[in-house]
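For reference, the structure discussed in these notes is given below.
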Amino acid sequence: MLPPHTMPFHNPALFARNETMMRSLRDLLGSYGLIDQPDQMSGYAADWSGVSPGLPLAVARPASTAEVSAVVRLCAEHGVPVVPQGGMTGMAGGAMSLGGELLLNLSRMNRVVDVDLLNQTMTVEAGCVLQQVKDAAAAAGAYFPLALGAQGSCQIGGNLSTNAGGVNVLRYGNARSAVLGLEVVLADGEVLNLMRGLRKDNTGYDLKQMFIGAEGTLGVITRAVLQLYPMTPASSTAWIAVDSPSAAVELLRHLRARVGERISSFELISRPMLELVLAHHQQGRDPLTEPHPWYVLTEWSDSMASLDLRAQMEHVLGEALEAGLVRDATIAESLAQVGQFWSLRERVTEAQRAEGAIVKHDIALPLSKVARFLDDAGAFIAATLAGARVIVFGHVGDGNLHYNVLQPRGAAAKDFELAMKAVSRRVYEMVSELGGSISAEHGLGQLKAQQVFALKSRTELRVMQALKRALDPQDLMNRGKLLPHPTERNP
Ligand code: FAD
Ligand code: MLT
Ligand code: ZN
3 MLPPHTMPFH
13 NPALFARNET
23 MMRSLRDLLG
33 SYGLIDQPDQ
43 MSGYAADWSG
53 VSPGLPLAVA
63 RPASTAEVSA
73 VVRLCAEHGV
83 PVVPQGGMTG
93 MAGGAMSLGG
103 ELLLNLSRMN
113 RVVDVDLLNQ
123 TMTVEAGCVL
133 QQVKDAAAAA
143 GAYFPLALGA
153 QGSCQIGGNL
163 STNAGGVNVL
173 RYGNARSAVL
183 GLEVVLADGE
193 VLNLMRGLRK
203 DNTGYDLKQM
213 FIGAEGTLGV
223 ITRAVLQLYP
233 MTPASSTAWI
243 AVDSPSAAVE
253 LLRHLRARVG
263 ERISSFELIS
273 RPMLELVLAH
283 HQQGRDPLTE
293 PHPWYVLTEW
303 SDSMASLDLR
313 AQMEHVLGEA
323 LEAGLVRDAT
333 IAESLAQVGQ
343 FWSLRERVTE
353 AQRAEGAIVK
363 HDIALPLSKV
373 ARFLDDAGAF
383 IAATLAGARV
393 IVFGHVGDGN
403 LHYNVLQPRG
413 AAAKDFELAM
423 KAVSRRVYEM
433 VSELGGSISA
443 EHGLGQLKAQ
453 QVFALKSRTE
463 LRVMQALKRA
473 LDPQDLMNRG
483 KLLPHPTERN
493 P
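To convert, count from 1 in the sequence shown and add 2; that's the working numbering.
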């Protein structure tokens with residue numbers, strides 16, 4: 003899936019091109035590994051955040067850790083900031099240029115280096131596309147559980163750098179949970195080799211964890227040792243109608259008590275989201291005969307091939323129906339129908355984009371506060387922004403909602419985006435008041451970087467800044483993202 007469109011660069015002010023450095027880069031990477039003509043760089047200038055990028059100095063496309071190390075060392079010598087880039091599916095603008103940096107795109111480093119079934123590990127380069135990693139694991143008879151709508155384009159380096167979530171976090175955790183070893187090129191070009199595949203290693207600080215979720219601000223991830231899991235040949239998927247988000251949360255509690263960790267996914271879908279997808283997805287069909295206000299898409303799986311999960315699902319959902327937890331439900335009869343259910347869920351990102359301007363809130367809440375937030379935020383937006391359409395969906399099993407607001411029909415996009423600034427501020431205040439997070443899985447990137455100053459306690463901020471200073475004293479790694487330099491703080 004390519005980035006949806008390439009934005010015209012803003013901020014054409016180039017750093018004074020340092021010809022000595024450019025010559026060294028060209029000698030190092032060759033013409034195939036370095037792109038330095040603006041008209042050839044547009045393919046590296048759009049992710050899914052919608053930010054309009056600055057004009058980078060150039061795009062480096064290294065083919066090995068050694069080349070990444072040499073490039074970063076050169077940038078450190080010349081004081082040129084570096085932006086690590088993966089599949090550019092990010093939703094916070096973290097991989098986009100702010101202007102003048104060297105984009106360091108890992109796409110050419112896309113080898114699956116090793117699959118070790120006895121140790122249940124897989125060694126991959128950062129530029130491997132997530133789907134490629136999942137397929138290689140499956141081909142070897144194992145399962146790599148990270149699963150998200152962008153898996154056809156996003157790369158492992160980006161997944162680890164954003165600590166990606168997706169639809170299987172409920173059972174397998176975020177990207178962080180699947181990492182046993184890491185190789186990182188530090189801001190001075192030195193290679194930090196933490197490529198161990200051990201489950202237990204208590205010999206000092208667990209350094210790899212600092213780089214997972216750091217959004218490229220502490221170093222460039224070049225390789226990883228990933229944890230593999232047993233395949234789950236037994237599975238069953240249902241599309242369920244419920245009365246409300248609180249009914250969905252109550253249903254999750256009911257199901258967990260009966261099938262526990264076999265629940266791999268538990269996605270909440272609002273009626274407006276389903277209608278939006280059906281409006282843009284010609285082959286899409288409502289899985290149920292009657293419209294309902296809310297739905298849950300849940301998938302159960304198990305490693306025991308002989309287990310009849312479908313029968314178990316039928317029995318447990320029948321109980322839930324009798325208990326009034328569920329209004330209606332349909333269990334997929336075939337893999338094709340499983341695919342139909344999931345495509346209704348995953349097509350939302352593109353369907354939203356087709357509707358015009360959109361402001362996304364990727365939030366996490368305690369499960370017990372989800373219903374309260376939706377009531378309060380919905381009432382606030384209805385009273386503040388007439389005609390705004392709220393699309394709610396997401397990984398409610400993890401307390402993670404995608405609370406997205408679409409431009410009112412007929413409104414000008416610019417007016418909507420302006421009005422939404424105050425609305426988003428209030429939405430995030432509500433989330434914080436309910437003990438939630440303003441970025442559940444997409445990270446802070448550039449879109450929410452300034453919020454870090456309000457979000458974090460003085461002590462938390464002090465430790466984060468001390469870490470950043472220690473590892474990147476020149477502030478070259480993804481400058482202005484996640485943790486802007488204190489001098490960059492907006493008043
Ligand atoms: P990029 O966008 O290229 O970069 C993201 C960040 O990682 C940037 O800060 C960049 O500097 C940094 N980075 C990239 N590579 C490296 C590296 N090698 N070393 C250090 N830093 C690096 N996200 C979720 O978490 N859950 C979802 O369910 C989900 N669904 C999505 C569905 C769709 C349709 C789309 C378009 C996106 C979705 N996303 C989701 C967002 C996005 O896919 C994830 O954030 C993903 O992990 C980004 O990977 P990427 O390779 O595209 O990273
Ligand atoms: C998803 O879960 O689909 C994405 O994280 C959110 C989005 O596309 O808005
Ligand atoms: Zn998501």
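In this text, a Cβ means the ideal position worked out from N, Cα and C, and glycines have one as well.
Contact with chain D by residue i, beta-carbon distance below 9 Å
i	result
R273	This model lacks chain D altogether; it includes just one protein chain.
Closest by C-alpha distance to residue i, when choosing among the options
i	options	result
L337	T239, I383, H256, I265	T239
Y297	S266, V340, R347	R347
D245	A385, G326, S44	G326
R312	W241, N176, D288	W241
Q354	S266, L278, T386	L278
G175	L485, M422, E443	E443
P274	G262, A152, P293, P289	P293
Q122	L182, A152, S71, L104	L182
Y231	A72, V114, L120	L120
V193	G218, R201, V222, E217	V222
L105	G35, I365, R173, E316	G35
G401	K458, L172, S426, A236	L172
N195	A421, V135, D208	D208
M197	T125, E431, S237	T125
E316	E301, S305, T489, M306	E301
K371	E352, G438, S179, M422	G438
Q211	A236, A180, S237	A180
Contact under 9 Å by Cβ, residue i with residue j
i	j	result
K483	Q448	yes
G102	P83	yes
L270	P247	yes
G160	G206	no
L478	G56	no
R260	S303	no
S163	G129	no
R63	E127	no
V328	I383	no
S494	H487	Because the chain spans 3 through 493 in this model, residue 494 falls outside it and cannot be assessed.
V187	V74	yes
L403	L376	yes
A138	M233	no
G154	L132	yes
V227	L290	no
R481	F455	no
CA-to-CA distance, residue j to residue i, given in whole angstroms
i	j	result
K1	A424	The shown model of the chain, from 3 to 493, leaves out residue 1, and the question about it has no answer.
L446	G320	42 Å
G199	D118	10 Å
T67	Q285	44 Å
R349	L280	9 Å
V340	G191	46 Å
Q476	A78	8 Å
P10	H282	Unreliable positioning characterises P10 in this predicted model, as indicated by a pLDDT of 49, which lies under 50. The coordinate reading is nonetheless provided below. So the alpha carbons of these two residues sit roughly 27 Å apart.
Q47	L108	Here the sequence assigns Ala to residue 47, which means Gln is not the residue at that position. Rounded to whole angstroms, A47 to L108 spans 15 Å at the Cα level.
A381	Q87	39 Å
P295	S272	6 Å
A149	D288	23 Å
E357	R391	10 Å
V70	N112	14 Å
G52	E435	28 Å
L100	A472	23 Å
R201	E21	47 Å
A414	W344	33 Å
S459	M466	11 Å
C156	A177	13 Å
K470	E335	52 Å
Cβ separation of residue i and residue j, assumed to be a contact under 8 Å, to the nearest whole Å
i	j	result
V318	L276	About 24 Å; that fails the 8 Å criterion.
L253	A189	Actually they are not in contact, since the Cβ atoms of L253 and A189 sit about 47 Å apart, beyond 8 Å.
D38	A65	With a Cβ gap of about 17 Å, D38 and A65 do not count as contacting.
S33	L76	Not quite, the Cβ-Cβ distance comes to about 17 Å (not below 8 Å), so this is no contact.
N204	S266	N204 to S266, Cβ: 30 Å. No contact.
A1	A243	The requested residue 1 is not part of the displayed model; the chain covers only 3 to 493.
M93	W50	5 Å
A250	V398	6 Å
P410	G389	3 Å
V433	I360	No, V433 and I360 are not in contact; Cβ-Cβ is about 18 Å, not under 8 Å.
Task: Length at least 4, wholly inside the stretch 253-340: the alpha helix (DSSP H) runs in chain order - done: 273-282, 311-324
Open item on the list: Quick check for students: name the residue ranges of the beta strand (DSSP E) that lie wholly in the stretch 180-265, counting only runs of 3 or more.
Closed with: 181-187, 193-196, 222-229, 236-244
Open item on the list: My parser needs the beta strand (DSSP E) runs of 3 or more residues fully inside the stretch 371-415; what are they?
Closed with: 391-396, 402-408
Task: Any alpha helix (DSSP H) of 4 or more consecutive residues that is wholly inside the stretch 83-171 - done: 132-141, 158-163
Open item on the list: In chain order, what are the residue ranges of uninterrupted beta strand (DSSP E) at least 3 long that sit wholly in the stretch 35-69?
Closed with: 60-62
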